[in-house]
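Numbering (the UniProt record's numbering), first residue to last: 1 to 347.
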């Protein structure tokens, strides 16, 4: 039985009225001792009714609130939702509000803990990534200062290696700046109409030497000779996306593998696909490949070079164009990344 305060008040008033009416109706028949006994009886009845109402409406609900608080302290949220026998709206609402606030605060705490873990991992990764090129350049330069500078062949070789290490360091710093700017939302996309086919061909030419070193073939498919795919986006940023995706496919693909780039026309957008026949990505890693510095095989990936931020930057660029990168991959069957961009505006 569920009773609210109004219903219980009506029942208590009715009970008191019945007792008093019966007492007054029979008062003329009572002796002085009978009147005293009747008075004591009415007093006991009224006391029990009032005590029951307070116990049911106030104290029992307060006990439930305290019980819920104890369970909330132990993070037993589901158990804290138990129903009481009576419906006391203000106290029930207080209890429910306390539960909701506690649950939200716990979610915030869990999120903060997760962010703290990510911050620690990020600092550790940044420290490691910065340390590698700095120590390398430092080692080459100190070797030269210790006397190797007198040998022209050794000098030129070590200076070139130091320069390469510093170039890698500069790339890493620039990528970190880009990530920071994207996350702050201060990067503006300079959108314009451009030919995506020409842009992809330029990216292929830029990465041709790297692809040849691993005997990887680059293919632009489903595009006829002389055909244009006109998009409305930031061409420089989209070029960066293509470079990152194709470069990743070259680095982690099989020797003698293939990479295909294709465009599928839709009503308002083109679907752009970058596909390879490489080793693929296990399902437990797919949701994390766009995290900063995340590497599936850290021991092998660091040997491949790169800042480890390419996919994270690509994700931010595509999202800034109000799209997202979808990933489909199977082990030993390759990986496919797909995103959509607006068609060029018709003039």
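For every residue, glycine included, the Cβ atom is placed at its ideal position computed from N, Cα and C.
Annotation: residue 231 is outside any alpha helix (DSSP H); the continuous beta strand (DSSP E) that includes it extends over 230 to 233. For residue 246, the closest of 273, 131, 120 and 188 by C-alpha to C-alpha distance is 273. Under DSSP, residue 193 takes part in a beta bridge, and its partners are 232. DSSP places residue 216 outside any beta strand (DSSP E), giving it a letter other than H or E. Distances from the CA of residue 309 to each of 29, 16 and 129 were compared; the closest alpha carbon is that of 129.
Contact between residue 312 and residue 179 holds, with the beta-carbon distance rounding to 6 Å and staying under 8 Å.
In this structure, the beta-carbon distance from residue 12 to residue 41 does not fall below 8 Å. Taking residue 168 as reference, the option from 260, 197 and 137 with the minimal CA-CA separation is 137. In this structure, residue 173 lies away from residue 197, with their beta-carbon atoms at least 8 Å apart. In the DSSP assignment, residue 274 falls outside any alpha helix (DSSP H) and lies within the beta strand (DSSP E) extending over 269 to 276. Listed in chain order, the non-local C-beta contacts of residue 46 below 8 Å within the same chain comprise 16 and 19, local neighbours out to five positions each way being set aside. Residue 127 and residue 96 have their alpha carbons spaced roughly 46 Å apart. Fewer than three Cβ pairs drawn from the segment 285 to 296 and the segment 140 to 159 lie within less than 8 Å of each other, which leaves the two stretches out of contact. A direct Cα-to-Cα measurement between residue 326 and residue 267 gives close to 19 Å.
Of the other Cβ atoms in all chains shown, fewer than 16 fall within 10 Å of the Cβ of residue 287; this residue is therefore exposed. Residues of the same chain with a CB within less than 7 Å of the CB of residue 255, apart from the 5 flanking positions on each side, are 214 and 215 in chain order.
Under the three-state reduction of DSSP, residue 184 is assigned to helix.
Your pair residue 342 and residue 231 checks out as a contact, with CB atoms roughly 7 Å apart and the cut at 8 Å. By the CB criterion at 8 Å, residue 257 and residue 335 fall outside the cutoff. A residue is called buried when at least 16 other Cβ atoms come within 10 angstroms of its Cβ; residue 133 meets this threshold and is buried. Each residue's CA atom was taken as its position, placing residue 259 and residue 253 some 9 Å apart.
A distance below 8 Å separates the beta carbons of residue 241 and residue 318. Among the bridge pairs identified by DSSP, residue 330 is matched with 334. Assignment of residue 264 by DSSP, reduced to helix, strand and coil, places it in the strand class. About 6 Å separates the CB atoms of residue 239 and residue 203; that is less than 8 Å, so the two are in contact. Under the 10 Å beta carbon count, residue 236 is surrounded by fewer than 16 other beta carbons and is classified as exposed.
The shortest C-alpha to C-alpha distance from residue 99 to any of 52, 67 and 51 is the one to 67. In this model, residue 116 and residue 188 are separated by some 29 Å (Cα to Cα). Under the DSSP definition of a beta bridge, residue 258 partners with 217. Burial is judged here by how many other beta carbons sit within 10 angstroms of a residue's own beta carbon; residue 109 has fewer than 16 and is exposed. Secondary structure of residue 345 (DSSP, three-state): coil.
Of the candidates 322, 251 and 101, 251 places its Cα closest to the Cα of residue 212. Assigned with DSSP and collapsed to three states, residue 339 falls in strand.
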